[in-house]
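Colleague: Numbered continuously in this note's numbering, the sequence shown closes out at residue 266.
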Amino acid sequence: MLTANEYYRKRFGCKVYKLSLDGGFTCPNRDGTLGTRGCLFCSEAGGGDFAEKGPIPQQLEEARKRVSAKIKDGKYIAYFQAFTNTYGPVEHLEALYRQALVPEDVVGLAIGTRPDCLPPETVALLARINREKPVTVELGLQTAFDETARRIRRGYPMSVYTDAVGRLKEAGIEVVTHIIIGLPRETGDMAVETTRQVVAAGTDGVKFHLLHVLRGTDLEQLYLAGKYTCLTLEAYGEILARCVAALPPQVVVHRITGDGAKRDLVAPLWSGDKKRVINYLNAILR
-19 MLTANEYYRK RFGCKVYKLS LDGGFTCPNR DGTLGTRGCL FCSEAGGGDF
31 AEKGPIPQQL EEARKRVSAK IKDGKYIAYF QAFTNTYGPV EHLEALYRQA
81 LVPEDVVGLA IGTRPDCLPP ETVALLARIN REKPVTVELG LQTAFDETAR
131 RIRRGYPMSV YTDAVGRLKE AGIEVVTHII IGLPRETGDM AVETTRQVVA
181 AGTDGVKFHL LHVLRGTDLE QLYLAGKYTC LTLEAYGEIL ARCVAALPPQ
231 VVVHRITGDG AKRDLVAPLW SGDKKRVINY LNAILR
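1. Determine the direct distance from the alpha carbon of A215 to that of Y260, and round the result to whole angstroms.
2. Considering only the beta carbon of each residue, do L121 and L163 sit closer than 8 Å?
3. State the CB to CB distance for the pair T93 and T116, rounded to an integer number of angstroms; the pair is presumed to be in contact (CB under 8 Å).
4. Who pairs with Y59 in a beta bridge, going by DSSP?
5. Comparing alpha-carbon positions, which option in W250, V231, V232 lies nearest G240?
6. For D2, would you say it is in contact with chain D, using Cβ-to-Cβ distances shorter than 8 Å as the test?
7. Let me check understanding here. Comparing Cα to Cα, which of G196, G217, T209, Q230 lies closest to R270?
8. Per DSSP, what kind of secondary structure is G15 in: helix, strand or coil?
9. Check whether the Cβ atoms of L213 and V172 sit closer than 8 Å, and answer yes or no.
10. Over what stretch of residues does the alpha helix (DSSP H) that includes A241 continue unbroken?
11. Give the straight-line distance between the Cα atoms of Q201 and A226, rounded to the nearest whole angstrom.
12. If you check the beta carbons only, do Y(-3) and K52 fall under 8 Å apart?
13. My parser needs the alpha helix (DSSP H) runs of 4 or more residues fully inside the stretch 153 to 224; what are they?
14. Give the straight-line distance between the Cα atoms of M(-19) and V232, rounded to the nearest whole angstrom.
15. Counting Cβ pairs closer than 8 Å, one from the stretch 84 to 104 and one from the stretch 139 to 159, do we hit at least three?
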């Protein structure tokens, strides 16, 4: 398994850490274009639970302070994480992205978005910036199964993801795909099949996430009503190991679980003990 730490050290010659940013974006699942309630599991922070708000230079400085104990002489990647970070006019996107890339110690850009929010002019912008500093686009796919996608209110079919990956790769842009393990009514076999399909589509990296229940989400209501049961740590580890085994050696594993803010975590409570969880999962993967 090729980890993100190994990959970045080889690529940049040092430790690289992501600085989480909030570009002030919304999402077509929230602004009324596709819906107003977001995906079933999405919190009010839109996945950017650890991002600050405010001017980008200020956010970068605050984010540096948060990770200062973990990184000494390394570099950073500016990570636009909250909501859909290509959902806006190209001129606005370019201004934000270039602000984030000004500092010399920022060696690249990571942009979290949806595959249905990548029009040709946006991909062209990303390709131009990629010629100056490396750009990675992180796509929130979650599942390859359209039935599950409708259940979680994702808002687009698998074919849109496949098309987006193809266009990004043609433009020379690195792609990382987010997969959620434990989605309602999905089996371990389905998570493995999703992994196989993102590999076939051409993804360069994968982020695996545990589906956890956060306060204020529609998933919380299902959980409290007894209509959704979380995975145990052992079950999650077994499925994760099968998914990782389905990856070819060149595909980078950027994350083996996901976690929201502890103050908002409803279930499973075991996921709040991040150090124990990571140690357990790494032991299984080894």
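Beta carbons are placed, not taken as given, at the ideal position from N, Cα and C, and that holds for glycine.
Modeller: Taking the geometry as given:
1. Those two C-alpha atoms are separated by around 12 Å.
2. Taking a C-beta distance under 8 Å as the contact criterion, L121 and L163 do not qualify as a contact pair.
3. About 11 Å separates the CB atoms of T93 and T116; that is not less than 8 Å, and the two are not in contact.
4. S0, A90.
5. Measuring C-alpha to C-alpha distances from G240 to each of W250, V231, V232 identifies W250 as the nearest.
6. This model lacks chain D altogether; it includes just one protein chain.
7. Nothing about residue 270 can be reported from this structure: the residues present for the chain run from -19 to 266 only.
8. Note: G15 maps to coil in three-state DSSP.
9. Cβ atoms of L213 and V172: not closer than 8 Å.
10. Going by DSSP, A241 is part of no alpha helix (DSSP H) at all; its letter is neither H nor E.
11. Going from the Cα of Q201 to the Cα of A226 covers about 33 Å.
12. No; because the gap between Cβ atoms is not below 8 Å, this pair is not in contact.
13. Runs found: 168 to 181, 198 to 204.
14. Pairing M(-19) with V232, the inter-Cα distance amounts to about 7 Å.
15. Taking a cut-off of 8 Å for Cβ pairs, the stretch 84 to 104 and the stretch 139 to 159 touch, as three or more such pairs fall below it.
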